[in-house]
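A.B. asks: So the number in our numbering is just where the residue sits in the sequence shown, counting from 1, plus 86.
Note that the Cβ used here is the ideal one computed from N, Cα and C, for glycine as well.
Just so it is clear, the structure is predicted and the values come from calculations on it, not from any experiment.
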Amino acid sequence: MLDTPPEHRADLPEGGDVPRTWLDITRLRADTGFEPAYDTERAVADHLAWLRAGNAR
87 MLDTPPEHRA DLPEGGDVPR TWLDITRLRA DTGFEPAYDT ERAVADHLAW
137 LRAGNAR
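1) Quick check on DSSP: helix, strand or coil for V130?
2) Where does R115 sit, in a helix, a strand or coil, going by DSSP?
3) Could you give the DSSP three-state label for L46: helix, strand or coil?
4) Looking at the structure shown, is A139 part of a helix, part of a strand, or coil, going by DSSP?
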């Protein structure tokens, strides 16, 4: 879990109506059988561990 100050706020924009096809790997999977090694949860945990190990931000 991230240690953030209680006054920290992150205002995120509302989602739009345009599909974000650049994030869609359906065709890549169908054409090549590709499966990503990292889902979002694993990627974030790995990155936080990397930062905590003293690597530059």
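C.D. replies: Checking against the coordinates, here is how it stands:
1) Numbered from 1 along the sequence shown, position 44 holds the residue referred to as residue 130. It is helical.
2) One-based indexing of the sequence shown puts residue 115 at position 29. Correct three-state label for R115: helix.
3) Any question about residue 46 goes unanswered here, given that the chain covers just 87 to 143.
4) In the sequence shown, residue 139 corresponds to position 53, counting from 1. Coil.
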